[in-house]
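Undergrad: Structure provided below as structure tokens; questions to follow.
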Ligand SMILES: [Zn+2]
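In our numbering, the protein residues as written are 74 to 320.
The following block contains the structure:
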């Protein structure tokens, strides 16, 4: 696999749920390090509706606004762990046309912000299926014409472009709760295998989201990536996805 600029590996930084400090703190920190990321923004109950101009500036700086649906539906399994999510938004009860419509409307809303027609999808709660039992079906094929890629399941694996890649369910590694040693090992493994690591994060520092990466660890990660500039290509998910070999 040949990555742009002669790089030996690729990495995408992704941040979920449209938090205000993504705009105010995280995106500027990435820009100061010469990096650009993907921000997966649900339309409903995110900072997007409150401050569309701020999110437009973030997109104009070269970050991706990723599709994270309208209502952030997830599989409520087990239900007691999903008090925050109404049963109306249980992906197990979603129909294919319902999910497609939601992803389409989210695309339209994000397009009003950033003017872009191509973006990736961040599977909410890393859930990759709708429906129950024998009626369950994968989300990826349902929306493959609406988004250029899907971040997919939480696999803790590096994407191997030389293998058969499911572009709509790439798999990702969680950065939430990581120590810098974990992330140094991930970068080293990515360079060693020539693959693409997709990091999923939520809050940076405590107090913004139940899931978070320590602020000092995040700062060290950005410094590590900036120092690996010649070897590791850091770009938004939609940008890297378009460099994958055609199936
Ligand atoms: Zn989310």
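Think of the CB as a built atom: it goes at the ideal place given N, C-alpha and C, for glycine as much as any other residue.
Taking all protein chains shown into account, decide if residue 185 is buried (16 or more other Cβ within 10 angstroms of its Cβ) or exposed.
TA: Exposed.
Undergrad: Any Cβ of chain D within less than 8 Å of the Cβ of residue 230?
TA: Checking the listed chains, one finds no chain D in this structure; it contains a single protein chain.
Undergrad: Looking at the strands, I want to know which residues DSSP matches up with residue 87.
TA: BP columns for residue 87 point to 111 and 273.
Undergrad: Nearest CA to the CA of residue 194: which residue from 236, 278 and 314?
TA: Among 236, 278 and 314, the Cα nearest to that of residue 194 is on 314.
Undergrad: Going by beta carbon distance, what residues of the same chain come within less than 8 Å of residue 219, once the five residues before and after it are set aside?
TA: Cβ within range, chain order: 140, 173, 176, 177, 180 and 194.
Undergrad: From which residue to which residue does the beta strand (DSSP E) around residue 206 run?
TA: Element bounds for residue 206: n/a, residue is neither H nor E.
Undergrad: Taking 7 Å as the cut-off, is the beta-carbon of residue 200 closer than that to any non-hydrogen atom of ligand 1?
TA: Residue 200: no, Cβ never under 7 Å from ligand 1.
Undergrad: Using only the heavy atoms of ligand 1, determine whether one of them is closer than 7 Å to the beta carbon of residue 141.
TA: Residue 141 Cβ: within cutoff of ligand 1.
Undergrad: Taking residue 137 and residue 311 to be in contact with their CB atoms under 8 Å, please state how far apart those CB atoms are, rounded to whole angstroms.
TA: With 8 Å as the limit, residue 137 and residue 311 qualify as a contact, their Cβ atoms being about 5 Å apart.
Undergrad: Exposed or buried, residue 301, counting other C-beta atoms within 10 Å across all chains shown (16 or more means buried)?
TA: Its Cβ being crowded by 16 or more others within 10 Å, residue 301 is buried.
Undergrad: Cβ of residue 244 within 8 Å of Cβ of residue 230?
TA: Yes, they are a contact pair.
Undergrad: Let me confirm a value: residue 242 is counted as buried when at least 16 other C-beta atoms fall within 10 Å, else exposed. Which label applies?
TA: Label assigned to residue 242: buried.
Undergrad: Less than 8 Å between the CB atoms is what I'm expecting for residue 308 and residue 85, so what's the real figure, rounded?
TA: Correct: roughly 7 Å between the Cβ atoms.
Undergrad: For residue 283, count neighbouring C-beta atoms within 10 Å of its own C-beta (all shown protein chains included) and say buried if the count is 16 or more, exposed if not.
TA: The residue is exposed, with fewer than 16 neighbouring Cβ atoms inside 10 Å.
Undergrad: Could you check the C-alpha separation between residue 155 and residue 189 for me, to the nearest Å?
TA: Their backbone Cα atoms lie some 33 Å apart in a straight line.
Undergrad: When you measure from the CB of residue 89 to every non-hydrogen atom of ligand 1, does any distance come out below 7 Å?
TA: Yes; taking the cut-off as 7 Å, the Cβ of residue 89 has a heavy atom of ligand 1 nearer than that.
Undergrad: Find out if the Cβ-Cβ distance for the pair residue 108, residue 288 is shorter than 8 Å.
TA: No, they are not a contact pair.
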